[in-house]
Amino acid sequence: MSDLTSLTLAEARDGLRGKKFSAGEIAEAHIVAVARAKALNAFVLETPERAREMAAASDARIAKGEAGPLEGIPLGIKDLFATEGVRTTACSKILGNFIPPYESSVTANLWRDGAVLLGKLNNDEFAMGSSNETSCFGPVQNPWRRRGSNAPLVPGGSSGGSATAVAAHLCLGATGTDTGGSIRQPAAFTGTVGIKPTYGRCSRWGIVAFASSLDQAGPFTRTVRDAAILLRSMSGHDTKDSTSVDIAVPDFEASVGKSIKGLKIGIPEEYRVDNMPPEIEKLWSDGAAWLKAAGAKLVDISLPHTKYALPAYYIVAPAEASSNLARYDGVRYGLREGSSSVTELYEKTRSAGFGHEVQRRVLIGTYVLSAGYYDAYYLRAQKVRTLIKRDFEEAFAKGVDAILTPATPSSAFAIGEKGNDPVEMYLNDIFTVTVNMAGLPGISVPGGLDGNGLPLGLQLIGRPFDEETLFAAGEVIEQSAGRMKLPEPWW
Amino acid sequence: MSVDAADVRRIAHLARISLDESRVEPMRAEINGILQWIEQLQEVNVEGVEPMTSVTPVKLKMRKDEVTDGGYPERVLKNAPQTEAGFFVVPKVVE
């Protein structure tokens with residue numbers, strides 16, 4: 166890795182402004198890194214020409230003194246975000262060669278602020294997965310390996326390409342989306358920082374929809390500060406998404422380094438699950454000790470409905486997905502399997518175009534919404550969701566400012582290791598999914614290594630629209646744990 | 644609750660996904676595995692609990708009912724697998 170790819174986003178920004186190097190140079194360094202990293206399969210589309218053009222435009226703006234907040238910063242974009250004129254597939258065969266004639270609002274915000282597009286990043290098909298193994302472009306490799314082993318590990322999912330690209334220094338930051346943990350789990354598996362902001366903080370317009378009441382975009386970076394910088398640019402009200410909230414976007418970076426003295430940090434007993442590996446226990450108590458040492462007050466709290474969040478999620482998310490994915494019909498875009506009957510055209514197209522995991526989720530969603538089953542499944546799940554949210558509200562009402570938990574129940578597992586039982590794969594999101602169900606912000610910050618030398622992440626959960634506290638407390642964790650030393654390239 | 648092979652075929656047809664006969668049985672087993680696991684929700688007391696309709700207590704904004712976008716059929720049709728004279732083309736649906 167060259168010096169320019171080892172910079173943090175903040176260092177690159179400051180260096181570009183101080184004219185220590187040009188946007189063209191920093192783009193070129195990353196284009197080379199991406200081209201060398203094909204073995205990781207993080208990028209499903211590289212856009213070096215577009216990156217060079219955008220970098221040249223950035224250099225011109227820097228010369229004129231008109232640099233934006235992300236001027237000249239090369240980013241990778243999850244292939245779930247529509248990018249105008251650049252193929253967008255959600256890593257599904259059914260979208261085929263879809264070239265969006267429009268730009269997603271989040272990426273439009275990034276280009277407005279001067280960022281540079283390096284290419285599109287791999288993910289689980291339609292963001293349905295926790296290992297990036299359901300992508301039609303094949304699995305992504307985690308740059309991390311177990312000590313003394315060459316076995317390829319998953320980067321987590323669904324934003325696996327984003328996590329790997331940032332961890333392997335292929336870009337200075339990346340976008341992700343998080344419906345049940347798809348930013349925080351891969352961030353934990355790759356030693357990177359990932360935040361899912363409050364539902365409504367980022368516009369969903371132009372992001373391929375999975376489960377609309379849960380989906381939210383957020384950044385991947387190598388430091389907490391970088392995540393604060395990137396999230397600020399991604400956020401903001403958008404008239405094209407009625408669920409995006411019209412409130413001011415704070416300068417999140419100003420919270421990084423702020424004292425957490427007197428903050429009340431909740432430790433929820435229900436997250437101490439059966440058979441929790443001792444390494445995860447230790448990570449959690451280390452995190453609590455670091456926050457305490459920085460002046461925070463630890464309080465035990467109870468979130469009694471925690472264990473029901475995941476099963477309720479696996480009703481709500483497939484139900485919404487089955488509705489959202491009805492649009493892939495072989496008529497308006499993407500794949501079409503010909504037939505003389507329109508019903509058969511739909512059925513053949515969707516059978517050939519959707520992968521197995523997606524088909525199963527659409528079928529479950531169809532079942533739980535079908536006549537006679539709606540009340541027993543969907544309605545009950547939405548009631549449970551109210552109870553999950555109430556648990557958090559009661560904790561916050563008692564003065565808790567943020568909640569500390571592990572981000573995942575384990576470190577990264579091997580490709581192919583969890584292929585057979587869908588429920589076993591779903592359990593990966595046990596600590597993250599509650600946050601989506603309640604619409605809260607959650608950040609994953611690297612907290613240490615396990616016995617195999619693999620990274621583990623700590624999660625902080627905040628009050629609605631209080632990402633600032635997460636950045637302040639996340640910085641304390643990063644400073645206390647020490648910046649994660651990312652793997653040397655073997656690829 | 645659990646599903647049998649006929650249920651799986653019915654759901655697949657409702658979802659407009661054709662399932663080869665060889666895929667029905669594995670799909671049935673997987674769906675039942677998940678439904679069985681979801682069953683634990685039955686033990687939660689939800690009496691008097693309102694189902695969630697929105698995670699954020701935000702009131703939807705009203706705007707003037709007017710056209711704000713559109714007027715470019717060629718862009719709308721650009722990615723279509725088959726078009727003719729400014730329309731999407733599907734197999735004949737009316738006799």
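Just so you know, the protein sequences line up as chains A and B, in that order. Residue numbers for the first sequence follow my numbering, so the first one is 166 and each next one is one higher. Residue numbers for the second sequence follow my numbering, so the first one is 644 and each next one is one higher. Beta carbons: idealized from backbone N, C-alpha and C, even for Gly. Computed from a prediction, not measured in an experiment: that's the story for all the values here.
Contact check, residue i vs residue j, beta carbons under 8 Å
i              : j              : result
V199 (chain A) : F186 (chain A) : no
I466 (chain A) : I445 (chain A) : no
V438 (chain A) : I372 (chain A) : no
L623 (chain A) : I595 (chain A) : no
P574 (chain A) : M441 (chain A) : yes
T355 (chain A) : T329 (chain A) : yes
P320 (chain A) : N297 (chain A) : yes
L475 (chain A) : Y364 (chain A) : no
S300 (chain A) : S324 (chain A) : no
I264 (chain A) : G499 (chain A) : no
E664 (chain B) : R525 (chain A) : no
S327 (chain A) : F385 (chain A) : yes
D224 (chain A) : A188 (chain A) : yes
V692 (chain B) : K548 (chain A) : yes
G341 (chain A) : G401 (chain A) : no
Y478 (chain A) : M602 (chain A) : yes
L210 (chain A) : L240 (chain A) : no
I553 (chain A) : P483 (chain A) : no
Residue i in three-state terms, based on DSSP
i              : result
K513 (chain A) : helix
M166 (chain A) : Bear in mind that the predicted position of M166 (chain A) carries a pLDDT of just 47, short of 50, making it too unreliable to give a figure here.
E727 (chain B) : strand
Q624 (chain A) : strand
L569 (chain A) : strand
Q685 (chain B) : helix
P469 (chain A) : coil
K457 (chain A) : helix
L379 (chain A) : coil
V736 (chain B) : coil
V698 (chain B) : coil
P384 (chain A) : strand
I360 (chain A) : strand
L282 (chain A) : strand
P415 (chain A) : coil
R525 (chain A) : helix
P266 (chain A) : coil
P629 (chain A) : coil
V646 (chain B) : coil
K429 (chain A) : strand
V197 (chain A) : helix
K462 (chain A) : strand
I372 (chain A) : strand
Short CB-CB distance (under 8 Å) between residue i and chain A
i              : result
A728 (chain B) : no
I660 (chain B) : yes
P716 (chain B) : no
K702 (chain B) : no
N675 (chain B) : no
V692 (chain B) : yes
M670 (chain B) : yes
E664 (chain B) : no
M705 (chain B) : no
V733 (chain B) : yes
A655 (chain B) : yes
L648 (chain B) : For the record, residue 648 (chain B) in the displayed sequence is Ala; it is not Leu. So, not an interface residue.
Any C-beta of chain B under 8 Å from that of residue i
i              : result
M166 (chain A) : For M166 (chain A), the predicted model reports a pLDDT of 47, less than 50, meaning its position is unreliable and no value from the coordinates is stated.
Q306 (chain A) : no
T253 (chain A) : no
M649 (chain A) : no
P415 (chain A) : no
Y473 (chain A) : yes
L635 (chain A) : no
K548 (chain A) : yes
Integer Cβ distance of residue i from residue j, believed to fall under 8 Å
i              : j              : result
K405 (chain A) : G564 (chain A) : That pair is no contact at about 37 Å.
I238 (chain A) : V281 (chain A) : 6 Å
V533 (chain A) : V358 (chain A) : At roughly 35 Å, the Cβ-Cβ gap does not stay under 8 Å, so V533 (chain A) and V358 (chain A) are not in contact.
A204 (chain A) : W656 (chain A) : 4 Å
P571 (chain A) : L468 (chain A) : The Cβ separation is near 14 Å, so there is no contact.
I480 (chain A) : Y542 (chain A) : 5 Å
Residue-level contact to chain D via CB, residue i, 8 Å cutoff
i              : result
P629 (chain A) : Among the chains of the structure shown, chain D does not appear; the protein chains present are A and B.
Residue i Cβ short of 7 Å to the ligand ATP heavy atom set
i              : result
D416 (chain A) : Only the bare structure without any ligand can be found here, which leaves the ligand ATP out of the picture.
Which runs of the alpha helix (DSSP H), 4 residues or longer, sit entirely within the segment 204-262 of chain A?
-> 213-228
Within the segment 286-343 of chain A, note down every full beta strand (DSSP E) run reaching 3 residues or more, in order along the chain.
-> 338-343
Fully enclosed by the segment 571-627 of chain A, which alpha helix (DSSP H) runs are 4 residues long or longer?
-> 587-591 and 598-603
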